[in-house]
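As structure tokens, the structure follows; a few thoughts come after it.
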Amino acid sequence: MDSLSRADDLPSSPWATRFPLSGTTFTWEKTNHSSLAPKHPTITNPKYYDQTPIFSRSDLPQALTDEDRLFTTERSQKNYLLGLQTWEAAALNHYARFSPDSILSGGYQPSDRNTAGLASRISQQLPSAVRPGFQITRGIQTIEDTNFATYMRERIQVNEEKWFPFLHKHRWFDWEEVRPSGVKDWSVDDPQLWDFLSVSLELVNRILLALINDRHHGAYWSDFVDVFGLPPSPNDSVLLSYRMERKISKYRGVPCEWHHINTHTRPEWRDRLNMLMERVIWGFREQSGAEATTHATVIVDNKMESEYKAIILMSTTTLETAINGNGTLGEVCMAQVDTALTIMHEIMHAIGIARYKDDDYEGNCLNRERSGIMAPEPFLNGTGVAETGHYMDQVYFGGTKCLAPIAREDAVPPIVFAIKEFPWLGCSGRAAPRSRHLKLDAVDTVHHVPLTWVSKMLSEHFWKDPQYPRKSDNYFHRNALYSSETPHKSPEAMASEPQSLEGLTYSYPDDALVVATWKERHRLWKQFRHGWYDRAKGEWEASPWHNIGGRRRCEEFAAAHRKRDLMECTRIANRLISGVQWQQNQSRFMNNMPSSTHKNPNWAWHAVGLLMMASLPIQTSSMMRGTRGKQYVYRTLTPSKAAASEGNIKAVTVPALIEPNDPIKSLDPNQFYEQMRKNGLKADFDQLDTLSLIDTMLELIASKRGVIHGKFMLAIMKAKEKLQAERTALRANYPGGSDTTKWASKWHFQIPPYDKNCHRWFGNRWARVPRSETLFN
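Position 145 (the sequence shown) corresponds to 131 in the working numbering; numbering is contiguous.
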């Protein structure tokens, strides 16, 4: 690889063109490539990548650089696809099913482009818009076209008259997005956009009807200290399920005061939901950030307290991908269900806002004197994280849905549909003290969902099938087939593994179909890679080259060094130096050093971090820069034609607090630890002292009979010698320690090409170790 970053002045491969994500793009042979592209076996088509590999010796790695590129891209895939390889995702997306009689290709197979013999008989009664942005022409069609026609015929039929009123078209407002290329209008008056949105809203309506029997109420946490312990904050509240109410009553030995909740009829609960959401409106927002946001303040005529209780703004990211007309059947279905579940998530937030503003309901035990204009979101049953959308996702769907790869800067097609169990490490919001995700042994669990379930949610047959009278059971009838369980301490996502289906309450015919496809795909890949892959991967993972983050940091450091950005350079250097826990204690540091029985490549990146620090001025003072505090942004939306026709004729302004583009960053003065000869922090040091630590570390590794990669060591020593000569000259020319304030002329270190050869200190030199004698076999 020439670089792990995109070069704007170079052409892009088909994969890098379809998936133009900065984090998955690298350059090689003067071309931008995508790490999402499967290699060895190589699949060149970024749309029809559900392929059976054909064995060819020419497609085997021909050089070590090929192996490095393979394993680097696979690691990137696993991180960006939440534990999957691209070819594994293709197996999960192999089939779509909309009825027992229609098992279709997901749209990723090369054969989908072939002519379908019966396609000329497509019914003239079918809608002409087979997919968003695509007009079907009469005559001979492809298999892909006929499958889209089946999708149109058998998917849920949109009937807006039966929707909850708050979902109707007239509740949507327009938004103008200003882009470098011009202004783009986002409006439900656009037939193409509404065709897509209306299907997702139809699905939302059906999901809400299926969930209508779920009832909850809210109160202050402090009222339940005897049950949940002390609250994280004095005015925190809790949302209690009826089941939890019964447990609390039993615990306290008092009658449950909420038994009457179960006596309400379904129509009464539908009316209640309509009442809460009757003044909630919808609109659009820019692509950056969350997939949607819900806002409690809607300004009309400069009045903060307007007639609207809340507004839900949908990000245009998924919408733009879905309506561009170039998606596969699977990509359209994933975008459709993802949008529906995003809307469900935001409705949960909107209900909470509306309930707080609706003081007449007996279950609303909060007050403005204590909680202010808008109460913080409650904790569900006194645990987890106070984020209503996410924990209701967990209750209803088994977690929060996620499309991968996640697109922050560009709209890209989805490869993976996943459900992520909540709460997870790093999720935003206030956490209850006993939350499971805060425990040291906690894991983040991601379920990779096959296209068969996604398409089932969109099928009219499922919603009418008497075999499943309770549609919301088992997370809308989804078994966890493949899951990635990543410990919090892991630096990367764990591979997705098959889950046992034994003893499950529900059994679905599609599950066996998916499992068989997965097993066959793994068999083919294992056959193609037999005899070389496992050993080569083990050797690469035991080398410094496997640290993709370290390799990226080197490129970032070089760019920051050219700009003389001391703060960014120091941040990167500290990050690499601390990889061996040198600031902790001598014992932990020693555990990160290679020995005769322990192989650890972290020493190399520690050495690179020391080189970085020796390239910088010594930082003796704390540093800080950026903008302090959040900033208000104001989005103005205007009525759509449908909204205006119902009397919503005024523009609305939505204020939102956002993080500044340059948030406050701070760094402490440089610190110097000499854990090899002394145990702890050294006060007085300069860049030459920092470089000497590299020599001391290599002496330590030699004494411990450690095995290291010779090429990487030579690259480190070459840069060290150049820096040492430069720093020695600076010391001679700038007396009194003033040399420590100077920058090195350039960043001298370059990552060498991948090499497997390992060396051990023998006698008076580093000698190559035969592969048969290393522990990498």
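Where is the CB? At the ideal position from N, CA and C, for every residue including glycine.
Note to self: Tell me whether the segment 572 to 584 and the segment 613 to 632 touch, counting them as touching only if at least three CB pairs, one residue from each stretch, are closer than 8 Å.
What the structure shows: no
Next item on the list: From the DSSP output, in three-state form, read off PHE671 for me.
Entry: Taking the sequence shown and counting its residues from 1, the one referred to as residue 671 is at position 685. PHE671 falls in the coil class under three-state DSSP.
Next item on the list: Report the three-state DSSP secondary structure of THR3 (helix, strand or coil).
Entry: Reading the sequence shown from its first residue, position 17 is the one you call residue 3. DSSP places THR3 in helix when its eight states are reduced to three.
Next item on the list: Grab the span of the beta strand (DSSP E) containing VAL169 for me, first residue to last.
Entry: The residue given as residue 169 occupies position 183 in the sequence shown. From DSSP, the beta strand (DSSP E) with VAL169 extends over 168 to 172.
Check: ILE563 CB to nearest chain D CB: under 8 Å?
Finding: Here chain D cannot be found, since the structure has a single protein chain.
Check: What residue does the alpha helix (DSSP H) around VAL144 start on, and which one ends it?
Finding: Taking the first residue of the sequence shown as position 1, residue 144 is located at position 158. Where VAL144 is concerned, there is no enclosing alpha helix (DSSP H), given that its DSSP letter is neither H nor E.
Next item on the list: Note down, one range per segment and in chain order, each beta strand (DSSP E) of at least 3 residues found wholly within the segment 628 to 653.
Entry: 638 to 644 and 651 to 653
Next item on the list: Could you pull out every residue in the same chain whose Cβ sits closer than 6 Å to the Cβ of SER235, ignoring the five residues on either side in sequence?
Entry: In the sequence shown, the residue the question calls residue 235 occupies position 249. CYS242, listed in sequence order.
Checklist line | Distance, THR280 Cα to VAL402 Cα | finding: For the purposes of this step, residue 402 is taken as residue 416 along the sequence shown, with counting starting at 1. For the purposes of this step, residue 280 is taken as residue 294 along the sequence shown, with counting starting at 1. Going from the Cα of VAL402 to the Cα of THR280 covers about 26 Å.
Check: Just checking, does the segment 687 to 705 make contact with the segment 739 to 750 on the three C-beta pairs under 8 Å criterion?
Finding: yes
Margin query: Cutting at 7 Å between CB atoms, please list the residues of its own chain near PRO27, excluding the five before and the five after it.
Written below: Position 41 of the sequence shown, counted from the first residue, corresponds to residue 27. Closer than 7 Å at Cβ, skipping near neighbours: PRO39, ASP45 and PHE514.
Notebook entry, point to check: CA-CA distance, MET138 and PRO364?
Noted result: Position 152 of the sequence shown, counting from 1, holds the residue named residue 138. Position 378 of the sequence shown, counting from 1, holds the residue named residue 364. When rounded, the distance between both Cα atoms is 41 Å.
Next item on the list: Work out the CA separation of ALA753 and GLU712 for me, nearest whole Å.
Entry: Taking the first residue of the sequence shown as 1, we reach residue 712 at position 726. Taking the first residue of the sequence shown as 1, we reach residue 753 at position 767. Computed Cα separation, rounded: 29 Å.
Next item on the list: Measure the CB-CB distance between ALA321 and PRO400 and report whether it falls below 8 Å.
Entry: Counting from 1 along the sequence shown, the entry for residue 321 is found at position 335. Counting from 1 along the sequence shown, the entry for residue 400 is found at position 414. Against a cut-off of 8 Å, the Cβ pair of PRO400 and ALA321 comes out as a contact.
Check: Who are the near neighbours of ALA397 in its chain, counting only those whose CB is closer than 6 Å to its CB and skipping five residues on each side?
Finding: For the purposes of this step, residue 397 is identified with residue 411 of the sequence shown, where counting begins at 1. Closer than 6 Å at the Cβ level, and outside the excluded window around ALA397, lie THR303, GLU306 and THR307.
Checklist line | Pairwise C-alpha distance: LYS33 and VAL619 | finding: As a working mapping, residue 619 is identified with position 633 in the sequence shown. As a working mapping, residue 33 is identified with position 47 in the sequence shown. Approximately 38 Å, taken between the alpha carbons.
Next item on the list: Please classify SER731: is it buried, with 16 or more other beta-carbons within 10 angstroms of its beta-carbon, or exposed?
Entry: The residue you call residue 731 lines up with position 745 of the sequence shown. With fewer than 16 other Cβ atoms within 10 Å, it is exposed.
Checklist line | Rounded straight-line distance, which links the Cα of GLY565 to that of THR556 | finding: The residue labelled residue 556 in the question sits at position 570 within the sequence shown. The residue labelled residue 565 in the question sits at position 579 within the sequence shown. Roughly 15 Å between the two C-alpha positions.
Notebook entry, point to check: Buried or exposed: which applies to HIS335, given that a residue is buried once 16 or more other Cβ atoms fall within 10 Å of its Cβ?
Noted result: Taking the sequence shown and counting its residues from 1, one reaches residue 335 at position 349. The residue is buried, with at least 16 neighbouring Cβ atoms inside 10 Å.
Next item on the list: Count the other C-beta atoms from every protein chain shown that fall within 10 angstroms of the C-beta of PRO625, then say buried if there are 16 or more, exposed otherwise.
Entry: Within the sequence shown, residue 625 is the residue found at index 639, counting from 1. That one is buried.
Margin query: Taking the alpha-carbon of ILE129 as reference, which of PRO409, HIS156 and ASP98 has the nearest alpha-carbon?
Written below: Walking along the sequence shown from the start, residue 129 turns up at place 143. If we check each option's Cα against that of ILE129, ASP98 comes out closest.
Next item on the list: Using three-state DSSP, classify ASN656 as helix, strand or coil.
Entry: The residue you call residue 656 lines up with position 670 of the sequence shown. Coil, per DSSP.
Check: alpha helix (DSSP H) containing HIS547: first to last residue?
Finding: Your numbering for residue 547 matches position 561 in the sequence shown. 534 to 548 is the span of the alpha helix (DSSP H), which, as asked, contains HIS547.
Item checked: GLY168 CB to nearest heavy atom of the ligand NAD below 7 Å -> This structure simply doesn't include the ligand NAD, nor any ligand for that matter.
Next item on the list: Taking TYR492 as part of the alpha helix (DSSP H), name the residues at either end of that continuous run.
Entry: The residue you call residue 492 lines up with position 506 of the sequence shown. Per DSSP, TYR492 belongs to no alpha helix (DSSP H) and is neither H nor E.
Check: Looking at C-alpha atoms only, which residue of ILE644, PRO655, ASP520 and LEU677 is the closest neighbour of THR613?
Finding: Residue mapping note: residue 613 aligns to position 627 of the sequence shown, counting from 1. Taking only the C-alpha atoms, the option nearest THR613 is ILE644.
Note to self: Below 8 Å on the Cβ atoms is my contact criterion, and I expect SER482 with SER469 to pass it. Report the Cβ-Cβ distance as a whole number of Å.
What the structure shows: Within the sequence shown, the letter at position 496 stands for residue 482. Within the sequence shown, the letter at position 483 stands for residue 469. About 6 Å separates the two Cβ atoms, so the contact holds.
Next item on the list: Quick one: using the 10 Å Cβ neighbour count with 16 as the cut-off for buried, is TYR94 buried or exposed?
Entry: On the sequence shown, position 108 is the one that residue 94 refers to. The residue in question, TYR94, is buried, as its Cβ has 16 or more Cβ neighbours within 10 Å.
Note to self: Assuming contact is defined by CB atoms lying nearer than 8 Å, are ALA642 and LEU623 in contact in what I supplied?
What the structure shows: To locate residue 642, count along the sequence shown from 1; it is residue 656. To locate residue 623, count along the sequence shown from 1; it is residue 637. Not closer than 8 Å, so no.
Note to self: Assuming VAL185 and ARG141 are in contact, meaning their beta carbons sit under 8 Å apart, how far apart are those beta carbons, in whole angstroms?
What the structure shows: Position 199 of the sequence shown, counted from the first residue, corresponds to residue 185. Position 155 of the sequence shown, counted from the first residue, corresponds to residue 141. That belief holds up - the Cβ atoms of VAL185 and ARG141 are roughly 7 Å apart, short of 8 Å.
Notebook entry, point to check: Is it true that the CB of PHE383 sits closer than 8 Å to the CB of TYR461?
Noted result: One-based indexing of the sequence shown puts residue 461 at position 475. One-based indexing of the sequence shown puts residue 383 at position 397. Going by C-beta atoms, TYR461 is nearer than 8 Å to PHE383.
Note to self: Distance check for ALA522 and SER458, CA to CA, integer angstroms please.
What the structure shows: Counted from its first residue, the sequence shown places residue 458 at position 472. Counted from its first residue, the sequence shown places residue 522 at position 536. Distance between the alpha carbons of SER458 and ALA522 is about 46 Å.
Notebook entry, point to check: Tell me which same chain residues have a C-beta within less than 8 Å of the C-beta of THR606, skipping the five on either side of it?
Noted result: Residue mapping note: residue 606 aligns to position 620 of the sequence shown, counting from 1. Only PRO655 and ASN656 meet the Cβ criterion.
Checklist line | ALA428: first and last residue of the uninterrupted beta strand (DSSP E) it sits in | finding: Locating residue 428 in the sequence shown gives position 442, counting from the first residue. Counting along the chain, ALA428 falls outside any beta strand (DSSP E), and DSSP gives it neither H nor E.
Checklist line | Where the beta strand (DSSP E) through ARG746 begins and ends | finding: Indexing the sequence shown from 1 puts residue 746 at position 760. Start and end: 744 to 748.
Checklist line | C-alpha gap between ALA326 and ALA278, whole angstroms | finding: Against the sequence shown, residue 326 aligns to sequence position 340. Against the sequence shown, residue 278 aligns to sequence position 292. If I take the Cα positions, the gap works out to 11 Å.
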